[in-house]
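Under UniProt numbering, residues 1 to 478 are what the sequence shown spells out, in order.
All C-beta atoms, glycine included, are put in the ideal place defined by N, C-alpha and C.
Owing to the predicted nature of the structure, the values given are computational and were not obtained by experimental measurement.
Working notes for the structure below.
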Amino acid sequence: MIGVLNMNIINNVYKSKLLSDSVYYKIVFMTWALVHTLSFGPRITGYFSPIILLWGLLILFKNLVLERKNIKKSYFCIIFAFLAAYVITIVVNSSLNIFGNTKTLIWSAIMLLVMFINEYSQDNKKVYNDIIKVSSVIVISTFIISVISVAMFCLDISYWVNRADGALIPQGYYAARLWGIYVDPNQGSSIGIVSLICSIIIIIFANKSFKGKIKLFNIINIIIQYIFIILTGSRGGEIAFIFVLLGLIYLLTDYLLKNKIKAIVIRTIVGLLCGLIISVTIVFSFENSRKLLANIPRLTISTQEFISNTTGTDVGSHSGNITVERPDVGGGIDSSNGRLTLWRDGFRLIKYSPIFGFGDRNIVSKAAEFTPGSSLEKQFVHNGFIHMLLSGGIVAVSIMMTLLVLIMINIVKIVFGNKRYNRGYYIYSIMSLLIGSLLITAVFLTEIFYQNSFMATVFWIYMGFVVALANDKKLLEN
């Protein structure tokens, strides 16, 4: 009797909108993670971490205990194996930072079992509503950040701030790179790409669901994000952007040729070739675009002087003479900015614990112990996949790659399949581009795996959307 009563109380608690519908948690978590990417963010986000964590654990309990039927068995088994493998990693390395690695395990469980797993039933059109909600929040918030950042470039604003860990970082436009108000321009570039893709998703919906003003706003956001991406000077971002442009141009070319070239294989090849040529050409034009944009600060010198005189802020120190040549690239300098050294040191280190790795929080300590003088004693490995290898070993990488490959096979089948030219297909395809761009970004940044960052959150949320649509052909073909 008591057990039944307690169960009724639990069920009543979970009827709350904040617990029954995980999209609210996903949006709050995503916003929290986005704020963390800003220079002042870590000083704020720490206060909300306990609330975010508790809320996530409550939904995690619901997904595992109360509504297990909504979790696809094959994916659940792979996810469970991935998390179980990390438990073994923690045990094997229990002499070092067991509390920190347990936190990593909990955040990873929230990513995989709350962000990725969803509660959509068959033929549940709510998935489209949630895609719009999440995409809209991303677009609005990143639009504000990028407008501020681009304005800092136009007004030649640059200054230094202390990061949460005490390190000094530039803000505004510094060393031919637009940091804006982000902690890192490489992260900023990736976030800009995500925002740009989300605007395209909203525009596709806007044909029926929204008015012209919403379309106009998203077109403006695409332009702002495009300018921001160019000015960040992120080469990893440029590679991810080539992938996105290739995919978008392929989809457009395929649509335009649907009645002119009947053979799907030929049409696909033509579309991919057009996408590759045009996307590479656009990205190669970035340098000339930066030179053109560098003229803007020269036109705002009077405004710069006014701001400097009235606020005392360091504005217009370059007198409009903005450089677009990165000092850390070319001239015999390591073109990878030390990444190749970090990756080599990562592969050297993993030899000492190849099966289950060292744990996410132990990499620096283990680098000092096993490979003294290693670059990993001072920096992250700057590669999400190598970081996963160091954190969870070959076992973790094998399990996660199994999950990714299974999902990617479905994506390829649908994107290059016979049933095309409806709104669901294009939304699915463009979300797949978002996922692919983040995987490319993870090659150059410590992202996605064993992380609770903004990009990791977006990756798993949209991966969940893609899986939900792929599992319900009626929704996809509607």
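Three-state secondary structure (DSSP) of residue i
i	result
ASN162	strand
LEU155	coil
ARG361	helix
ILE224	helix
ARG420	coil
GLY384	helix
LEU171	Note that residue 171 is Gln in the sequence shown, not Leu. In the structure shown, GLN171 sits in a strand (DSSP, three-state: E or B).
LEU38	strand
GLY464	helix
GLY180	strand
ILE197	helix
LEU105	helix
GLY346	helix
VAL65	helix
ASP21	coil
TYR450	coil
THR253	helix
ASN129	helix
LYS366	helix
GLY237	helix
VAL397	helix
PRO354	coil
VAL443	coil
LYS262	coil
THR300	coil
LYS213	helix
Residues of its chain near residue i, where Cβ-Cβ distance is below 8 Å and the 5 sequence neighbours each way are ignored
i	result
residue 487	The structure shown has nothing for residue 487, since the chain only spans 1 to 478.
GLY236	ASN186, SER189, SER190, ILE440, THR441, VAL443, PHE444 and LEU445
TYR421	TYR255 and LYS258
VAL28	ILE52 and TRP55
LEU60	ALA109, ILE110, LEU113 and VAL114
VAL150	LEU178, GLY180, ILE224, ILE227, PHE228 and LEU231
PHE286	ILE230 and GLU238
PRO354	GLY393 and ILE394
Proximity below 9 Å, CB of residue i to CB of residue j
i	j	result
VAL458	VAL127	no
PHE82	LEU403	yes
GLY393	ILE350	yes
ILE79	LEU112	yes
ILE222	ILE200	yes
GLY180	ILE148	yes
ILE418	ALA470	Sequence check: residue 418 is Asn here, not Ile. Not a contact, by the Cβ cut-off of 9 Å.
PHE380	MET30	no
TYR450	MET401	no
THR323	LEU155	no
ARG339	ALA164	no
LYS103	ARG348	no
THR268	PHE153	no
ASN452	ALA84	no
Residues near residue i in its chain [Cβ-Cβ closer than 6 Å; skip 5 each side]
i	result
MET408	none
LEU272	TYR250
ASP345	SER374, SER375 and LEU376
Test: residue i CB closer than 9 Å to a CB of chain B
i	result
ILE222	The chain labelled as chain B is not found in the depicted structure, where only one protein chain is given.
For residue j and residue i, believed in contact at Cβ under 8 Å, the rounded distance
i	j	result
ILE224	SER289	About 14 Å separates the two Cβ atoms, so there is no contact after all.
GLY359	ASN97	7 Å
LEU342	SER375	5 Å
PHE356	VAL92	5 Å
ALA396	TYR173	With 8 Å as the limit, ALA396 and TYR173 do not qualify as a contact, their Cβ atoms being about 39 Å apart.
residue 482	ILE204	Since the first residue shown for the chain is 1 and the last is 478, residue 482 is missing from the structure and cannot be characterised.
SER437	ALA240	4 Å
Close beta carbons around residue i, own chain, < 7 Å, minus the five adjacent residues each side
i	result
ALA177	Per the sequence shown, the amino acid found at residue 177 is Arg instead of Ala. Within the same chain, ARG177 has close Cβ partners PRO185, THR232, GLY233 and ARG326.
CYS198	SER135, ILE138 and VAL139
residue 527	Nothing can be reported for residue 527, as the shown portion of the chain is limited to 1 through 478.
ILE90	ILE98, ASN101, THR102, LEU105 and GLY359
TYR462	MET431, LEU434 and ILE435
LEU58	LEU19
ILE448	GLY384, LEU438, ALA442, MET455, ALA456 and PHE459
PHE76	none
ILE277	none
ILE399	ILE78, ALA81, PHE82 and ALA85
Proximity test, residue i beta-carbon vs the ligand NAP heavy atom, cut-off 8 Å
i	result
ALA164	The model on display carries no ligand, and the ligand NAP is accordingly not part of it.
Using 8 Å as the threshold, is the stretch 17 to 27 in touch with the stretch 112 to 120, meaning 3 or more CB pairs across them? The stretch 17 to 27 is in contact with the stretch 112 to 120.
Within 8 Å, do at least three Cβ pairs link the stretch 433 to 445 to the stretch 230 to 249? Because the criterion of three Cβ pairs below 8 Å is met, the stretch 230 to 249 and the stretch 433 to 445 touch.
At least three beta-carbon pairs within less than 8 Å, the stretch 180 to 193 to the stretch 32 to 43: Touching, yes, given that three or more Cβ pairs across the two stretches are closer than 8 Å.
Closer than 8 Å is the cut-off here; do at least three beta carbon pairs connect the stretch 291 to 305 with the stretch 258 to 277? They do not touch, by the three-pair rule.
Three or more C-beta pairs under 8 Å: does that hold for the stretch 362 to 374 against the stretch 46 to 59? Flag = no, the stretch 362 to 374 and the stretch 46 to 59 do not touch.
The stretch 155 to 165 in contact with the stretch 135 to 146 per 3-pair CB rule at 8 Å: Per the Cβ contact rule, the stretch 155 to 165 is not in contact with the stretch 135 to 146 (fewer than 3 Cβ pairs under 8 Å).
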